[in-house]
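Engineer: So the mapping is simple: my numbering equals the position in the sequence shown, first residue as 1, plus 109. Glycine residues also receive a C-beta, built at the ideal position from the N, C-alpha and C atoms. Model, not experiment: these values are computed from the prediction.
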Amino acid sequence: MDQFLTAPRAIVDDVLAAAAMLQPLLLSEADSGTRIVLQAARDPRQVAVLSGGGAGHEPAHAGFVGPGMLSGAIAGDLFASPGVEAVLAAIRACADAPGVLLVIKNYTGDRLNFGLAAERARAEGIDVASVLVADDIALPDAAQPRGLAGTVLVHKYVGHLAREGVPLAELAQRGQAFADRLLSLGMALSSCSVPGQQVGRRAPELGLGIHNEPGARPVQPGTAEEALALVLDPLLALADARLGADAPLVLMLNDLGGCSTQELGVLTRLALQRIGVARVALMPLPAALMTSMDMHGFSITLAPADADVLAALQAPVQTLGWPGVRVPHAVQTFAPALKRDDSHRDGTRDAQCAAGLARVAQALIAAQAELDALDARSGDGDAGSTFAAGARALQQALDTDALATGDAAALARGLAATIEHSMGGSSGVLLSILFTTAAGALADGRDWVQALQAGVARMQHYGGAQRGDRTLLDALLPALDALAQSAGVDAAARAARAGADATAQLTRAGAGRAATVPADALRGVIDPGAEAVARAFAAWR
Numbered sequence: 110m111d112q113f114l115t116a117p118r119a120i121v122d123d124v125l126a127a128a129a130m131l132q133p134l135l136l137s138e139a140d141s142g143t144r145i146v147l148q149a150a151r152d153p154r155q156v157a158v159l160s161g162g163g164a165g166h167e168p169a170h171a172g173f174v175g176p177g178m179l180s181g182a183i184a185g186d187l188f189a190s191p192g193v194e195a196v197l198a199a200i201r202a203c204a205d206a207p208g209v210l211l212v213i214k215n216y217t218g219d220r221l222n223f224g225l226a227a228e229r230a231r232a233e234g235i236d237v238a239s240v241l242v243a244d245d246i247a248l249p250d251a252a253q254p255r256g257l258a259g260t261v262l263v264h265k266y267v268g269h270l271a272r273e274g275v276p277l278a279e280l281a282q283r284g285q286a287f288a289d290r291l292l293s294l295g296m297a298l299s300s301c302s303v304p305g306q307q308v309g310r311r312a313p314e315l316g317l318g319i320h321n322e323p324g325a326r327p328v329q330p331g332t333a334e335e336a337l338a339l340v341l342d343p344l345l346a347l348a349d350a351r352l353g354a355d356a357p358l359v360l361m362l363n364d365l366g367g368c369s370t371q372e373l374g375v376l377t378r379l380a381l382q383r384i385g386v387a388r389v390a391l392m393p394l395p396a397a398l399m400t401s402m403d404m405h406g407f408s409i410t411l412a413p414a415d416a417d418v419l420a421a422l423q424a425p426v427q428t429l430g431w432p433g434v435r436v437p438h439a440v441q442t443f444a445p446a447l448k449r450d451d452s453h454r455d456g457t458r459d460a461q462c463a464a465g466l467a468r469v470a471q472a473l474i475a476a477q478a479e480l481d482a483l484d485a486r487s488g489d490g491d492a493g494s495t496f497a498a499g500a501r502a503l504q505q506a507l508d509t510d511a512l513a514t515g516d517a518a519a520l521a522r523g524l525a526a527t528i529e530h531s532m533g534g535s536s537g538v539l540l541s542i543l544f545t546t547a548a549g550a551l552a553d554g555r556d557w558v559q560a561l562q563a564g565v566a567r568m569q570h571y572g573g574a575q576r577g578d579r580t581l582l583d584a585l586l587p588a589l590d591a592l593a594q595s596a597g598v599d600a601a602a603r604a605a606r607a608g609a610d611a612t613a614q615l616t617r618a619g620a621g622r623a624a625t626v627p628a629d630a631l632r633g634v635i636d637p638g639a640e641a642v643a644r645a646f647a648a649w650r
């Protein structure tokens, strides 16, 4: 399977049932042959607002049913308009309202089926009006521009006015005037897949329809900036011509179904930057609003930022699909407290200690290739490079006399800072934790062995590794045990070597990337972190 979907004919029913489980909605009975969702507690004093169309565009339209938006929604099969009887049944369910307004996307099936249902309802004495949404600008010469994501803004606009008590005739007039000023254009990198149908994937296309209909032309944007410009620039040109070059705008960015959160974030920033934040009076949060199944694309809608429009879009509602709005503004920054503590430079110097540290650095740099080779068999192959980076930074600190090698606490702080800023990955962070903790212990009067033991304990606290988990601890802990017994540095080096060699027999790693490596791949392979520790102790003595 490549999608988490049920059988093609069941998808629509499942999606509507999910909405009815999460919202106070009424769902038409399954054996009625209709798919109607209604507010469970609609106010009969308000004009009822209905919309709908083929399924596959969720959350449109059931996701926008709720007080202040739609009174109900009618769904057809995937990409197929609902039948006349279903639309008429929804109108009849709202017959107690002081009128019913239909919001119709400009597609032939929707126009005809909703239109005939409206005529039959009028014949039954129900006052019905409609708003036709045709916001697509992809095909400038099209006799019937398509209805796109701008339809959702119409839902919000007329739904708010209906809640405010605006009568049907005025609601229809104001709703149509708003719809006529909407501009939408989309782009998809690929067409959508339709369950139960064999649909060939299309190349990137500007204006690709939400039912996989042909768009304006194929395109090959090389970057997100180019893609955004292809969509936004024609919209801005029309908005400038119709509304005025400086007229404030409502900007809506719609995910057609397959965009990641990261893509929406990038497109949002680019759009606001290209229009100018100051010109965007309001923006619904970028979201999937009018989708086309899993189509990997986006659409942008521009609307006039009139006072009544802003009030309607900002009015709170409780629906599944409406994401809320924000007033965009320029990025506000602050200066992080990144001042580095250089107090570790202050203190006495010890030539013997500096020489030992230099030998350790040289040994780890020389071992880079071998450690990387070990890590390639049990991890991601960069352990040697990581330790070598820290070792080179240590060399530089020694060469520039940046370490107080004669002051234990200052030296530990210096080692922690050097490692933190040079070694990548978890090893660098863990060793920095070790030496940071050790510095505090040394300042409190503990000796080096006790301080390093305290550092290891904190390292284990944050890292979670224990002895026997195939980590650098398998060499470091035995070495510290030897030092704690006053056995001397030579004994510590031998203990570290024995501990490192023993990791070759450990076929289960309890921490690090090796934790996911099969036992057979670990057998006979020394842990690179433990090997690095063993070589460091050998070089120090």
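Looking only at C-alpha atoms, which of ARG283, ASP123, PRO133 and ALA397 sits nearest to PRO168?
Structural biologist: Nearest C-alpha to PRO168: ALA397.
Engineer: Please report the straight-line C-alpha distance between ALA526 and ARG486, rounded to a whole angstrom.
Structural biologist: ALA526 and ARG486: Cα-Cα distance of roughly 30 Å.
Engineer: Once you ignore the five residues that flank ASP342 on each side, which residues in its own chain have a CB closer than 7 Å to its CB?
Structural biologist: Hits under 7 Å: none found.
Engineer: Within the same chain, show all residues whose beta-carbon is closer than 8 Å to that of ARG220, passing over the 5 residues directly before and after it, in chain order.
Structural biologist: Here the set comprises ILE213 and LEU241.
Engineer: Which one of PRO395, LEU539, VAL389 and ALA387 has the shortest CA to CA distance from VAL375?
Structural biologist: Of PRO395, LEU539, VAL389 and ALA387, the residue nearest in Cα terms is PRO395.
Engineer: According to DSSP, is GLY537 helix, strand or coil?
Structural biologist: The answer is helix: DSSP assigns GLY537 an H, G or I state.
Engineer: What do you get for LEU411, buried or exposed, if any count of 16 or more other CB atoms within 10 angstroms of its CB means buried?
Structural biologist: Buried, because 16 or more other Cβ atoms sit within 10 Å of the Cβ of LEU411.
Engineer: According to DSSP, is ALA513 part of a helix, a strand, or is it coil?
Structural biologist: DSSP places ALA513 in coil when its eight states are reduced to three.
Engineer: According to DSSP, is ARG290 helix, strand or coil?
Structural biologist: The answer is coil: DSSP assigns ARG290 none of H, G, I, E or B.
Engineer: Can the beta-carbon of VAL196 be found less than 7 Å from the beta-carbon of PHE223?
Structural biologist: The answer is yes: Cβ separation under 7 Å.
Engineer: Please check the pair ALA519 and ASP455, which I expect to be a contact at CB under 8 Å, by giving their CB distance rounded to whole angstroms.
Structural biologist: Right, the Cβ-Cβ distance comes to about 7 Å (below 8 Å), so this counts as a contact.
Engineer: For LEU337, collect the residues of the same chain with a Cβ closer than 7 Å to its Cβ; drop the 5 residues on either side in sequence, then sort them by chain order.
Structural biologist: So the qualifying residues of the chain are LEU376, LEU379, ALA380 and ARG383.
Engineer: What separation, rounded to the nearest whole angstrom, lies between the Cα atoms of ILE200 and GLN282?
Structural biologist: ILE200 and GLN282: Cα-Cα distance of roughly 19 Å.
Engineer: Could you name each continuous alpha helix (DSSP H) segment of 4 residues or more that falls completely within the segment 190-238, going from the start of the chain to the end?
Structural biologist: Fully enclosed alpha helix (DSSP H) runs of 4 or longer: 193-202 and 217-232.
Engineer: Determine the closest residue to ALA251 out of PRO323, SER141, VAL303 and LEU125, with distance taken between C-alpha atoms.
Structural biologist: Among PRO323, SER141, VAL303 and LEU125, the Cα nearest to that of ALA251 belongs to PRO323.
Engineer: Identify every run of the beta strand (DSSP E) within the segment 234-271, keeping only runs that are complete inside it and at least 3 residues long; order them along the chain.
Structural biologist: Within the segment 234-271, the complete beta strand (DSSP E) runs of at least 3 residues are 237-242.
Engineer: Between the C-alpha atoms of ALA416 and GLU335, what's the straight-line distance to the nearest angstrom?
Structural biologist: In a straight line, the C-alpha of ALA416 is about 33 Å away from that of GLU335.
Engineer: Any chance you could list the beta strand (DSSP E) runs of at least 3 consecutive residues sitting entirely within the segment 313-394, in chain order?
Structural biologist: DSSP runs (the beta strand (DSSP E)) wholly in the segment 313-394: 358-364 and 389-393.
Engineer: In the DSSP assignment, find the alpha helix (DSSP H) that holds ILE145 and state where it starts and stops.
Structural biologist: From DSSP, ILE145 is part of no alpha helix (DSSP H) but of the beta strand (DSSP E) over 145-148.
Engineer: According to DSSP, is GLY499 part of a helix, a strand, or is it coil?
Structural biologist: Here GLY499 sits in helix by DSSP.
Engineer: In terms of DSSP beta bridges, what is ARG435 paired with?
Structural biologist: Looking at the DSSP assignment, ARG435 forms a beta bridge with MET392.
Engineer: Measuring CB atoms only, is the segment 479-496 touching the segment 461-469, in the sense that at least three cross pairs come out at less than 8 Å?
Structural biologist: No, the segment 479-496 is not in contact with the segment 461-469.
Engineer: Out of curiosity, what's the CA-to-CA distance linking LEU581 and GLU640?
Structural biologist: Roughly 7 Å separates the two Cα atoms.
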